[in-house]
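Scroll down for the structure; my scribbles are underneath it.
2 protein chains.
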Amino acid sequence: MTPGYPEGMTTEVPPSAPPDTAPDAVPEEDWLHLEHQICFSLHAASRAFNGVYRVLLKELGLTYPQYLVMLVLWEHGRTPVKRLGEHLRLDSGTLSPLLKRLEAAGLVRRERSTRDERSVEVLPTGQGVALRERAALVPRRIMAATGFTLEEIVDLRSRLDRLTGALDAAALEEAPDCG
Amino acid sequence: MTPGYPEGMTTEVPPSAPPDTAPDAVPEEDWLHLEHQICFSLHAASRAFNGVYRVLLKELGLTYPQYLVMLVLWEHGRTPVKRLGEHLRLDSGTLSPLLKRLEAAGLVRRERSTRDERSVEVLPTGQGVALRERAALVPRRIMAATGFTLEEIVDLRSRLDRLTGALDAAALEEAPDCG
DNA sequence: CGCAATTCAGTTGTGCACAACTTAATGACG
DNA sequence: CGTCATTAAGTTGTGCACAACTGAATTGCG
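Going down the list, the sequences are from chains A and B.
Here the first sequence is numbered in the working numbering, starting from 6 and rising by one per residue.
Here the second sequence is numbered in the working numbering, starting from 6 and rising by one per residue.
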C-alpha cells in the first residue's frame with residue numbers, strides 16, 4: 006500500500022500559506038491526499054445508505070427520494086409542492102417528475118390550489134396512507150443495518166446538520182462575488 | 006411548529022416489538038419521525054457537500070465525480086477502469102461515460118491494455134496533470150466551508166467509513182435470502 | 001386600473017447512479 | 001484443441017439532482 010506518486014506527478018505547489026484558513030501545519034501536498042479520503046467517505050456513505058434503502062424500499066415500490074416525499078406527506082398530509090421542496094431541499098425540477106411518478110403509482114394526488122392557482126398541493130391517496138404501515142418496519146431495519154446505537158445515530162445526525170448548514174452558508178458566499 | 010398529524014393519518018402501528026433490534030424504548034410511532042430526520046440529514050449533507058464542490062470545481066471544468074476520478078489518477082497515475090471502480094465504488098455503467106467526457110475534455114487518455122485486451126487503462130494527459138496544481142487549492146477551501154476542525158473532519162470520516170462498511174455488509178445479507 | 005416584478009410549477013438538457021444486458025477476451029477443463 | 005464459465009468494458013433504460021428557462025398567476029406600486 007502507500008504507493009507513492011508515479012514519476013512526473015509531484016507538482017511542487019507554491020509555498021504560499023494563507024494562515025487564516027489553515028487549522029494545522031499540514032503540508033500542502035498532503036491536502037489532496039487527505040481530502041481524497043474525506044470526500045470519498047461522504048460520497049460512499051451516502052451511496053451505501055441509498056443502497057440499503059433501495060433494497061428495503063423495493064418491496065414497497067418506492068425509491069429513496071420517493072420515500073422521503075412520502076415521509077413528509079405521512080407526517081403533514083396535504084402539502085404544497087413548494088413546501089415539500091423546502092423540507093427536502095429539492096426544487097421543482099426534481100420534484101415535478103418524481104411526483105408525477107408517485108401519482109402514476111396511485112400513491113398521491115395533485116390538486117391545484119383554489120386560493121392560489123400557482124400552487125399545487127400534494128396529498129396521499131388511501132393507498133398512499135396504507136403504505137405507511139408497511140413502511141413502519143423500514144427505520145428499525147435501517148438502524149440494524151448501520152450497526153450504530155441510537156445515540157450514535159443522533160450524534161451523527163447533529164454533526165451532519167451542522168455540516169450542511171455551514172456548507173450552505175459557504176455556497177451562498179461563494180456564489181456571485183463576495184470574494 | 007410540531008404540526009401534529011392531520012385527521013385520518015394516525016395509522017395505529019401494531020404493537021409487536023421485536024426486542025432484538027430495538028436499542029431503546031422508542032415508541033414505534035416515533036421511528037418514522039426520527040428516521041425522517043436522520044435520513045434527511047445524510048441526504049442533505051451529501052447534496053450540500055456536492056453543491057460546494059460544484060461551485061469550486063466549476064472553474065476547473067470538473068464535476069464532483071470527475072474530480073474524484075482525477076484524484077485517483079493524480080495519486081496513482083495509469084489505472085485500469087476496473088481499479089478506478091474499486092477505489093470509487095462505481096461500476097462501468099457510471100465510469101464509462103464519465104471517462105469518455107474526461108477524455109473529450111482532454112484531461113485523460115484511455116488505452117486498451119496489451120497484456121489483457123479486456124482491460125482499459127486510464128491515464129492523465131499533460132493537461133490533466135497540470136490541472137492538479139489548480140486543484141490543490143480546493144481542499145483548503147472545502148475545509149474552510151465546513152467550519153470543522155481537522156480533527157472533527159477526520160473523526161467524521163471514520164464514523165462514515167464505519168457506517169459504509171456496516172451498510173455494505175447489511176446490503177449483501179439482505180439481498181437474496183439470508184433471512 | 002395598468003403594468004412590472006415576483007412567485008410557483010413545470011420543461012429541457014446535462015450528468016451521475018445503478019440494474020440489466022451485450023460483446024469481446026481470457027482462463028479452466030475435458 | 002474445443003467448449004464453457006468468468007471477467008472487463010461498454011450500452012441501454014430508469015430515476016434523481018440541478019441549472020436554466022418558460023408560462024401562468026399573483027402582488028406591488030404608481
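Don't be surprised by glycine CBs; every beta carbon is placed ideally from N, CA and C.
Restricting to Cα atoms, I'd like to know which of the options is closest to residue i.
i	options	result
residue 44 (chain A)	B:174, B:145, B:128, B:176	B:145
residue 148 (chain A)	B:100, B:129, B:176	B:176
residue 52 (chain B)	A:60, A:70, A:61, A:80	A:70
residue 48 (chain B)	A:143, A:79, A:95	A:95
residue 81 (chain A)	A:54, A:61, A:134	A:134
residue 203 (chain A)	A:137, A:162, A:163, A:161	Residue 203 (chain A) is absent from the model: chain A starts at 6 and stops at 184.
residue 158 (chain A)	B:158, B:156, B:139, B:164	B:164
residue 141 (chain B)	B:156, B:56, B:76	B:76
Beta-carbon within less than 8 Å of residue i's beta-carbon, same chain only, minus the 5 sequence neighbours each way: which residues are those?
i	result
residue 124 (chain B)	85, 86, 87, 117, 118
residue 174 (chain B)	none
residue 50 (chain A)	none
residue 120 (chain A)	none
I'd like to know if residue i contacts chain B, where contact means its C-beta is closer than 7 Å to some C-beta of that chain.
i	result
residue 166 (chain A)	yes
residue 118 (chain A)	no
residue 74 (chain A)	no
residue 46 (chain A)	yes
residue 172 (chain A)	yes
residue 84 (chain A)	no
residue 175 (chain A)	yes
With distances taken between CB atoms, is the gap from residue i to residue j smaller than 7 Å?
i	j	result
residue 83 (chain B)	residue 122 (chain B)	no
residue 113 (chain A)	residue 129 (chain A)	yes
residue 100 (chain A)	residue 111 (chain A)	no
residue 143 (chain A)	residue 61 (chain A)	yes
residue 162 (chain A)	residue 46 (chain B)	yes
residue 172 (chain A)	residue 57 (chain B)	yes
Would you verify that the beta carbon of residue i is, or is not, closer than 7 Å to some beta carbon of chain A?
i	result
residue 133 (chain B)	no
residue 96 (chain B)	no
residue 161 (chain B)	yes
residue 152 (chain B)	yes
residue 125 (chain B)	no
residue 169 (chain B)	yes
residue 53 (chain B)	yes
Quick one: what's got a C-beta closer than 7 Å to residue i's C-beta in the same chain, skipping five residues either side?
i	result
residue 132 (chain B)	111, 112
Using a Cβ-Cβ cutoff of less than 6 Å, which residues in the same chain neighbour residue i once the five nearest sequence positions on both sides are dropped?
i	result
residue 98 (chain A)	none
residue 55 (chain A)	69
- [ ] Assess, as a yes-or-no matter, whether the stretch 54–67 of chain B is touched by the stretch 105–115 of chain A under the definition of 3 or more beta carbon pairs within less than 8 Å.
- [x] no
Open item on the list: Taking contact to mean 3 or more Cβ pairs, one atom from each stretch, closer than 8 Å, check whether the stretch 149–166 of chain B and the stretch 157–170 of chain A are in contact.
Closed with: The stretch 149–166 of chain B vs the stretch 157–170 of chain A: in contact.
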